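I have placed the structure first, in the form of structure tokens, so that the comments after it can refer back to it.
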Amino acid sequence: MAAGEMAPAVLKALRAVSVEPVMLVDGACNQAMLLFIENVQMNKICSVNLGFPDQVCNNLSAHPEEDVLVQREFSLFAFYNSIIMSAIPLIFVLFMGAWSDKYGRKIPLLWTLIGHVLHAGGYLLCNWQTSWPVEVIYFVTFLEALGGANVGLLSTVTSYVSDICSENTRTSRVSTAHSLWYLGGPVGTLVGALVIKDSGYNLALLLVLLAYLSAVLYVVFVIKESHGPFAKTASQAHGSAKQEPSPDSKEVSKLRMASDFFNWRRVVESFKTAFRQREGNTRMVIMAMLLSNMLRRIARGFFMYMFVRRVLSWKATDYGYWVTYRNLLAAIGSLFLVPILTKMLSATDASLAAVGALSTLGEYTCYSLVSGVAQTFLMWLGPPIGIISNALVIAIRSMSTKLVSKEEKGRISAVMAATNGLMPMVAYAAYSPIYYTTVDTLPAAQFFFGASLNVLIIIIFM
38 MAAGEMAPAV LKALRAVSVE PVMLVDGACN QAMLLFIENV QMNKICSVNL GFPDQVCNNL
98 SAHPEEDVLV QREFSLFAFY NSIIMSAIPL IFVLFMGAWS DKYGRKIPLL WTLIGHVLHA
158 GGYLLCNWQT SWPVEVIYFV TFLEALGGAN VGLLSTVTSY VSDICSENTR TSRVSTAHSL
218 WYLGGPVGTL VGALVIKDSG YNLALLLVLL AYLSAVLYVV FVIKESHGPF AKTASQAHGS
278 AKQEPSPDSK EVSKLRMASD FFNWRRVVES FKTAFRQREG NTRMVIMAML LSNMLRRIAR
338 GFFMYMFVRR VLSWKATDYG YWVTYRNLLA AIGSLFLVPI LTKMLSATDA SLAAVGALST
398 LGEYTCYSLV SGVAQTFLMW LGPPIGIISN ALVIAIRSMS TKLVSKEEKG RISAVMAATN
458 GLMPMVAYAA YSPIYYTTVD TLPAAQFFFG ASLNVLIIII FM
């Protein structure tokens, strides 16, 4: 391609950029926080709640009895913490989904990112105050949950992207946005692992806080509202039903927006959208997607970091490098393999979902066979086998917006996000007793449970 032809193409691609940078930054921060918070939690449980000395907490692998006590206490704390992280985002996305259909997506997006800012800042403060017990983190989790957490962000972004693109390009645009979120993961874990190795957790958490603040500023000053009373231009996708009528910006007051948000009728409307009678077998397909999405999220609820600490004696940096490797392969699969399957091989969303579940099944099977250092290679073999695992969630989210009208997209995304958001609590309720009872005999037992759930997903989409 000549330089004269390349420049307009590049400019066109840049003009099409919207929420993608936010997804990249949030994905990096999200995975970095997952690496940080479990260490902060376990350190507080060990040193403050259980009162073990620093020489024990800094080298738990050399103290097996104390390690088992810490891991059991952690599994209980993680379960109670997951209740906060599941119940409150459920309320947020149910109300916000229908609300955003009327008032736009920008305010929900900002609200979620502000929750991320408070989450990172709260962990920074908790880690700095070494005498605070682990229970203080419940309040930090509450602040994150008020913003809808990850389910709030992903559902809002899915609805926003659906607003600004046509149905023909929706799968690829949703795939790109979510792929960038996954691509940010290895960047965040790699940088996070290097920072905590050389400078500790306080600097690492501060960098995450600053990155989240930059994402907030980007949304405020760069992102354009897709629809609603605050949209300067209409961004409706072609070939979709008419958007729900929005009030004029001059007629909108803060009191009216707040009262509309806490309107229980909108929650009822969201669930009616998901379960109402439709032509053919559309309602059955939507219900199958909801079930598959819940099973997918439950299957991911295992205690991976505690597992590799106990079985392989990995440190936080070792785990960070592995997560970077795993997330990078998953991002490559999302960015390149998913488009190949959909565009070049014309794979349907249903077949894409089945392939994703099969890939996840193979990955979890590898982890389930790890019983000691001699099987470490299986930990590195699992991610290549699971390289296309993200195809499952991409296909489900794309299908959900294609089966409903434009005015229902926010509602169906809200129901999917709400049911998905409840699943960490269900997952911890399932995995906690499994890991609690097998941690000193067969810690890998949890992966057999996760693999079996993916078998059910494959059956649903066959």
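To convert, take the position in the sequence shown, counting from 1, and add 37; that gives our numbering. Here a beta-carbon is modelled for each residue, glycine too, at the ideal position from N, C-alpha and C. No experiment lies behind these values; they were computed from the predicted model shown.
Taking C-beta to C-beta, are residue i and residue j nearer than 8 Å?
| i | j | result |
| --- | --- | --- |
| residue 196 | residue 447 | yes |
| residue 220 | residue 61 | yes |
| residue 230 | residue 362 | no |
| residue 253 | residue 155 | no |
| residue 490 | residue 336 | yes |
| residue 465 | residue 214 | no |
| residue 66 | residue 80 | no |
| residue 212 | residue 449 | no |
What does the alpha-carbon distance come out to for the pair residue i and residue j?
| i | j | result |
| --- | --- | --- |
| residue 502 | residue 440 | Residue numbering for the chain in the displayed model covers 38 to 499; residue 502 lies beyond these limits and cannot be assessed. |
| residue 370 | residue 424 | 5 Å |
| residue 395 | residue 405 | 15 Å |
| residue 70 | residue 247 | 13 Å |
| residue 141 | residue 262 | 6 Å |
| residue 451 | residue 461 | 16 Å |
| residue 275 | residue 320 | The pLDDT assigned to residue 275 is 43, lower than 50, so where the model puts this residue is not dependable, and the model offers no usable value. |
| residue 433 | residue 260 | 26 Å |
| residue 422 | residue 457 | 25 Å |
| residue 223 | residue 314 | 42 Å |
| residue 349 | residue 413 | 7 Å |
| residue 351 | residue 139 | 49 Å |
| residue 83 | residue 443 | 51 Å |
| residue 445 | residue 183 | 24 Å |
| residue 225 | residue 158 | 17 Å |
| residue 309 | residue 295 | 22 Å |
| residue 494 | residue 91 | 45 Å |
| residue 324 | residue 498 | 12 Å |
| residue 121 | residue 78 | 16 Å |
| residue 496 | residue 127 | 27 Å |
| residue 341 | residue 198 | 32 Å |
| residue 68 | residue 345 | 17 Å |
| residue 486 | residue 476 | 15 Å |
| residue 367 | residue 428 | 9 Å |
| residue 327 | residue 459 | 12 Å |
| residue 354 | residue 57 | 28 Å |
| residue 386 | residue 241 | 39 Å |
| residue 293 | residue 438 | 28 Å |
| residue 251 | residue 59 | 9 Å |
Relative to the C-alpha of residue i, which residue among the options is closest?
| i | options | result |
| --- | --- | --- |
| residue 181 | 113, 328, 80 and 160 | 160 |
| residue 399 | 375, 488 and 431 | 488 |
| residue 117 | 368, 97, 481 and 463 | 463 |
| residue 343 | 66, 107, 148 and 99 | 107 |
| residue 482 | 438, 232, 401 and 417 | 401 |
| residue 207 | 376, 93, 304 and 114 | 376 |
| residue 163 | 383, 184, 73 and 186 | 73 |
| residue 119 | 88, 178, 96 and 416 | 178 |
| residue 360 | 305, 418, 237 and 158 | 418 |
| residue 188 | 175, 198, 214 and 130 | 130 |
| residue 125 | 105, 173, 186 and 137 | 186 |
| residue 100 | 449, 356, 347 and 436 | 347 |
| residue 384 | 209, 243 and 151 | 209 |
Just confirm the distance between the C-beta atoms of residue i and residue j, as a whole number of angstroms; I'd bet it's less than 8 Å.
| i | j | result |
| --- | --- | --- |
| residue 218 | residue 338 | That belief does not hold up - the Cβ atoms of residue 218 and residue 338 are roughly 19 Å apart, past 8 Å. |
| residue 307 | residue 454 | Rounded, the Cβ-Cβ distance is 10 Å, inconsistent with contact. |
| residue 132 | residue 312 | That belief does not hold up - the Cβ atoms of residue 132 and residue 312 are roughly 18 Å apart, past 8 Å. |
| residue 153 | residue 249 | 5 Å |
| residue 239 | residue 165 | 6 Å |
| residue 469 | residue 112 | 5 Å |
| residue 389 | residue 397 | Incorrect: roughly 13 Å between the Cβ atoms, too far for contact. |
| residue 110 | residue 87 | 7 Å |
Cβ of residue i within 7 Å of any heavy atom in the ligand NAP?
| i | result |
| --- | --- |
| residue 420 | Ligands in the displayed structure: none, and consequently the ligand NAP is not present. |
Consider the Cβ of residue i: report whether some Cβ of chain C lies at a distance smaller than 8 Å.
| i | result |
| --- | --- |
| residue 426 | Structure shown: chain C not included; a single protein chain is present. |
Practice problem: Kindly provide the ranges of any alpha helix (DSSP H) runs that are 4 or more residues long and lie completely inside the region 201-272, ordered along the chain. | Solution: 204-235 and 238-258
Exercise. Could I get the ranges of all uninterrupted alpha helix (DSSP H) runs contained in the region 341-375, with 4 residues as the minimum, in chain order?
Key: 341-348 and 353-369
Self-check item: Residue ranges of each alpha helix (DSSP H) within the region 161-193, 4 or longer
Solution: 174-183
Exercise. Identify every run of the alpha helix (DSSP H) within the region 367-435, keeping only runs that are complete inside it and at least 4 residues long; order them along the chain.
Key: 386-405 and 413-422
Exercise. Identify every run of the beta strand (DSSP E) within the region 311-339, keeping only runs that are complete inside it and at least 3 residues long; order them along the chain.
Key: none
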